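Enquirer: Supplied in structure tokens, the structure appears directly below.
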Amino acid sequence: MTAPIEVTGSELEARPDAVLDGVRKIEGRSLGQIALMRLRRDKLAMTGGVVVILLILMAILAPLLTAWFGHPPSQFHQDLIDPNLQRPLHGPWHSGVSADFPLGIEPTNGRDIFSRIVYGARISLLIAFLATLLSVVIGTVLGMVAGYFGGWVDTLIARAMDVFLAFPILLFAIALGGVVQGKAFGLSGNGLRIGLLVFIIGFFNWAYIGRIIRGQTLSLREREFVDAARAMGARAPYILFRELLPNLLAPILVYSTLLIPTNILFEAALSYLGVGVSEPTPTWGGMLSQAVPIYSLDPWFMIVPGVAIFVTVLAFNLFGDGLRDALDPRTR
Amino acid sequence: MTTPDSEVVADQRPAGDGDDALLEVRGLRKHFPVTRGAIVKRQVGAVKAVDGVDFTVRMGETLGLVGESGCGKTTTGRMITRLLEPSDGQIIFEGQDITHVSQAKMRPLRRDLQMIFQDPYSSLNPRKTVGTIIGAPFRLQGIETEHGVKRAVQDLLEVVGLNPEHYNRYPHEFSGGQRQRIGIARTLAMRPKLIVADEPVSALDVSIQAQVVNLLEDLQEEFNLTYVVIAHDLSVVRHIADRVGVMYLGKMVELADGEGLYNSPMHPYTVALLSAVPIPDPAKRKGRERVRLQGDVPSPLNPPPACRFHTRCWKAQEICGTVEPPLVEVIPGHRVACHFPENAPEGAGAKVTKAAEEAGLTEQSG
Ligand SMILES: Nc1ncnc2c1ncn2[C@@H]1O[C@H](COP(=O)(O)OP(=O)(O)OP(=O)(O)O)[C@@H](O)[C@H]1O
Ligand code: SF4
Ligand SMILES: [Mg+2]
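Here's what the structure looks like:
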């Protein structure tokens, strides 16, 4: 006899979160608040988070910081440069580090490295954030649509994802950077370069997050609350944005924080290759590319932007990993 | 694949069918295609989840639908509420054929036709507060409220026996039974006429099941509700249903009022189901023998021909595998689809066999 007949009491009733019934608080505690509590206990993630906040503050307060601790980022200080070797005259390992220049000066024209790092953070973070936003918006909408509607819509979007994932973005970026010069799309100069970088990095990366969102949507749409909404007469946009999206915020948040460091690296790579924002605007990748040919003569000049990139990427990754653990009960 | 000749004919209109019928279901079918191939999809078969089901639900009554897991109860319920598109057959609600009404035209009708879901853990959006969940019907259907949505929601919470001050809480802060009450409150917001309750208590602790069943009964009286209650065992349905339909592998095999079904089950499958229900009264227990069914439920992908129960039926004879028994009213108010029914008056089986022959239900191989 198979057992359709038995009245099976379910242990669901005894779920651990029922413990929260004891919380004498009428205001409910959302899952987000619970995740935040978990995140607070994760020391590594919190360290990453603090560094991220400091980096963001540094980018925002760049003009103030350089006014207090440095010199304008494009000001030359050739009097501090050895005219023969083209490297700083003073400081340990000829770095130019002094009370006046906390991170030393560049070889050849002696610009303030501290100021250039601080201003470089602006470009790096701005491009990384905007590109991430673009990927996330496109990826989320297309991923949700593919997962929810299924059928040929899904087939179409899934194939598009495959194409984008296989796309040689770096080559394309270099080519596009060469083609789009001067003025285009009503933009010029740095505005055009930043817009171009955001477009390339953001538009060609949506497929990663799109795939994740599609997968999550596929499992979410089987949940009965989606049917309940349909039974109440909800239309597709309501179900996508009011029922499904709130449940997708966790993966969106996590993969955004993990996409940002990737985009920072990408921007640095493009700037290194000369496709990025052009001189004299400081970028970390640009600084690296200037430093590499003379690293044996002036290693300090390469170390500083390298460390800046490394610390930033590490901080975002630590924070993102912690966020994922906090939001995803499976890895709790 | 399709068996057009098993279409139900002539005097097949279910008992009590008349002006007081709120819902009528005729020859309802749902076949889920099974496809192969990643890019070019080929249909290689079909899961015959529901394969020709007829019944009527009268205004104000409770119809129970029972059967083992996978027999197509949920699929039937979801077709009635138009969450699933029927493959064939008709659904008539308040005299209107809603079988293939477009989703847009269906929207206003949805107020009258609601569903309570099986799993209280997946039927409430975990990211929304109870207030938002129960308030959604008001916003979606533009239902007017006298004192605002918040008051209406709090009133509903009170009606289903929850603390109205828990308005701002999230579903995970409630127990399964409380969640099911929230789900019930959400359907009540629509003031529906018919509620399909899909195993409303099977996910709950036994001690809580009775409370929720009682709540459903109280609400039926208070709000003039008509229920289709789905359950996989007869004991739950016994308390609440006026009439009970027994399903097996996508077919309705017996349909009778509760008394008739419990006291004189006719279909061997019903007999087996009932024999497994524990009987509290030892005096009554005596007369009944426990019937054990052999084997597993066959796959709905490839159901046995003719009587689908014949692979497990202890009364099966040759005709059972060749002539499909239709659902026939053998005594007033009691329908059964079996050539050799139990507890039936003389000639009941013959009546079924005759109806089958008249309808040409003989299964030619293929
Ligand atoms: N979307 C679907 N695609 C394919 N097959 C399906 C689908 N939904 C249900 N089925 C199949 O249809 C049959 C009937 O399913 P249904 O959910 O209606 O059964 P049920 O009687 O409600 O069972 P349970 O008691 O387990 O809830 C099952 O064999 C199931 O596997
Ligand atoms: S028709 Fe035959 S096989 Fe089917 S239930 Fe009746 S006796 Fe059993
Ligand atoms: Mg079911």
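Protein chains in written order, with our numbering: chain Y, 1 to 332; chain H, 1001 to 1366. Every residue gets a Cβ at the ideal spot worked out from N, C-alpha and C, and that includes glycine. Only a predicted model underlies this, so the values are computations on that prediction, with no experimental measurement involved.
If I measure Cβ to Cβ from residue 1137 of chain H and keep anything under 6 Å in the same chain, skipping five residues before and after, which residues do I get?
Expert: The residues are 1189 and 1190.
Enquirer: Would you identify the three-state DSSP class for residue 1243 of chain H, choosing helix, strand or coil?
Expert: In this structure, residue 1243 of chain H counts as strand in the three-state DSSP scheme.
Enquirer: Under 9 Å between C-beta atoms, does residue 73 of chain Y make it to chain H?
Expert: With 9 Å as the cut-off, residue 73 of chain Y does not count as an interface residue toward chain H.
Enquirer: Just the C-alpha distance for residue 321 of chain Y and residue 76 of chain Y, rounded to the nearest angstrom, thanks.
Expert: Between residue 321 of chain Y and residue 76 of chain Y, the C-alpha separation is close to 41 Å.
Enquirer: Would you please verify whether the beta carbon of residue 48 of chain Y is less than 9 Å from any beta carbon of chain H?
Expert: No - not a single Cβ of chain H is within 9 Å of the one on residue 48 of chain Y.
Enquirer: Name the chain H residues whose beta carbon is nearer than 9 Å to that of residue 149 of chain Y?
Expert: Within 9 Å Cβ-Cβ: nothing; residue 149 of chain Y doesn't reach chain H, min ~13 Å.
Enquirer: Just jot down, in chain order, the residues whose CB lies closer than 5 Å to any heavy atom of ligand 2.
Expert: Qualifying residues come out as H:1268, H:1307, H:1309, H:1310, H:1313, H:1315, H:1316, H:1320, H:1325, H:1338, H:1339 and H:1340.
Enquirer: Distance, Cα to Cα, residue 1067 of chain H vs residue 1192 of chain H?
Expert: Distance between the alpha carbons of residue 1067 of chain H and residue 1192 of chain H: 26 Å.
Enquirer: Considering just the uninterrupted stretch of the beta strand (DSSP E) at residue 1058 of chain H, what are its terminal residues?
Expert: Note, residue 1058 of chain H: beta strand (DSSP E), 1042 to 1058.
Enquirer: Rounded to the nearest angstrom, what separates residue 1217 of chain H and residue 129 of chain Y at their Cα positions?
Expert: For residue 1217 of chain H and residue 129 of chain Y, the distance between alpha carbons rounds to 56 Å.
Enquirer: Quick check on the DSSP output: the alpha helix (DSSP H) that includes residue 37 of chain Y runs from which residue to which?
Expert: Segment 31 to 40, the alpha helix (DSSP H) holding residue 37 of chain Y.
Enquirer: How far does the beta strand (DSSP E) with residue 203 of chain Y in it reach, from first residue to last?
Expert: No beta strand (DSSP E) holds residue 203 of chain Y; the alpha helix (DSSP H) holding it covers 189 to 203.
Enquirer: Indicate whether residue 1260 of chain H and residue 1241 of chain H have their beta-carbon atoms separated by less than 9 Å.
Expert: For residue 1260 of chain H and residue 1241 of chain H, no; Cβs fall outside 9 Å.
Enquirer: Would residue 233 of chain Y pass as an interface residue toward chain H - the criterion being a Cβ-Cβ separation below 9 Å?
Expert: So yes, residue 233 of chain Y belongs to the interface.
Enquirer: Using DSSP with H/G/I as helix, E/B as strand and the rest coil, what is residue 1256 of chain H?
Expert: Correct three-state label for residue 1256 of chain H: strand.
Enquirer: Closer than 7 Å is what we want: which residues have a beta carbon that near any heavy atom of ligand 3? List them in chain order.
Expert: After applying the 7 Å Cβ criterion, the set is H:1073, H:1074, H:1118, H:1198, H:1199 and H:1230.
Enquirer: So, does the CB of residue 1136 of chain H fall closer than 9 Å to a CB anywhere in chain Y?
Expert: Closer than 9 Å to some Cβ of chain Y, the Cβ of residue 1136 of chain H qualifies, so yes.
Enquirer: On a CA-only basis, which of H:1301, H:1305 and H:1332 is nearest residue 1071 of chain H? Give me that one, please.
Expert: Of H:1301, H:1305 and H:1332, the residue nearest in Cα terms is H:1301.
Enquirer: Could you have a look at residue 1300 of chain H and say whether DSSP puts it in helix, strand or coil?
Expert: Correct three-state label for residue 1300 of chain H: coil.
Enquirer: Out of Y:240, Y:217, Y:313 and Y:168, state which residue places its alpha-carbon closest to the alpha-carbon of residue 203 of chain Y.
Expert: It is Y:168 whose Cα lies nearest to the Cα of residue 203 of chain Y.
Enquirer: If you measure beta-carbon to beta-carbon, which residues of the segment 171 to 185 of chain Y are closer than 9 Å to chain H?
Expert: Listed in sequence order: no entries.
Enquirer: When you check each C-beta in the segment 1157 to 1170 of chain H against every C-beta of chain Y, which residues fall closer than 9 Å?
Expert: Hits within the stretch, in order: 1163, 1165, 1166, 1167, 1168, 1169 and 1170.
Enquirer: Using CA atoms only, rank isn't needed, just tell me which of H:1128, H:1231 and H:1337 is closest to residue 1196 of chain H.
Expert: When only C-alpha atoms are compared, the closest one is H:1231.
Enquirer: For the beta strand (DSSP E) holding residue 1128 of chain H, just list the boundary residues, first then last.
Expert: Note, residue 1128 of chain H: premise wrong, no beta strand (DSSP E); not H, not E.
Enquirer: Which residues share a DSSP beta bridge with residue 105 of chain Y?
Expert: According to DSSP, which records beta bridges pairwise, residue 105 of chain Y is partnered with Y:112.
Enquirer: Our contact map puts residue 1082 of chain H next to residue 1106 of chain H with C-beta atoms below 8 Å; I'd like the distance itself, whole angstroms only.
Expert: At roughly 5 Å, the Cβ-Cβ gap stays under 8 Å, so residue 1082 of chain H and residue 1106 of chain H are in contact.
Enquirer: So what does DSSP say about residue 1197 of chain H, is it helix, strand or coil?
Expert: Here residue 1197 of chain H sits in strand by DSSP.
Enquirer: Report the rounded CA-to-CA distance for residue 1183 of chain H versus residue 1086 of chain H, giving the unit in angstroms.
Expert: Straight-line Cα distance between these residues: approximately 25 Å.
Enquirer: Would residue 246 of chain Y count as contacting chain H if we go by Cβ distances under 9 Å?
Expert: For residue 246 of chain Y, the answer is yes, since a Cβ of chain H falls inside 9 Å of its Cβ.
Enquirer: Going along the chain, which residues of the segment 30 to 45 of chain Y sit with their C-beta nearer than 9 Å to a C-beta in chain H?
Expert: Listed by position along the chain: 30, 31, 32 and 34.
Enquirer: Hey, how far is the Cα of residue 1349 of chain H from the Cα of residue 1207 of chain H?
Expert: Whole-angstrom Cα-Cα distance: 41 Å.
Enquirer: Return the chain-ordered list of same chain residues with a C-beta closer than 7 Å to the C-beta of residue 1226 of chain H, the five sequence neighbours on each side being excluded.
Expert: Hits under 7 Å: 1022, 1057, 1059, 1060, 1061, 1193 and 1194.
Enquirer: Go ahead and label residue 1069 of chain H buried or exposed: buried means 16 or more other beta carbons lie within 10 angstroms of its beta carbon, across all protein chains shown.
Expert: Classification of residue 1069 of chain H: exposed, given that the 10 Å Cβ count is below 16.
Enquirer: Output, in chain order, the set of chain H residues within a Cβ distance shorter than 7 Å of residue 225 of chain Y.
Expert: Those within 7 Å of residue 225 of chain Y in chain H are 1122, 1123, 1124 and 1125.
Enquirer: Residues of chain Y with a CB under 9 Å from the CB of residue 1110 of chain H: which are they?
Expert: Per Cβ cutoff of 9 Å: 230, 231, 232 and 233.
Enquirer: Helix or strand or just coil, what does DSSP make of residue 295 of chain Y?
Expert: Reduced to three states, the DSSP call for residue 295 of chain Y is coil.
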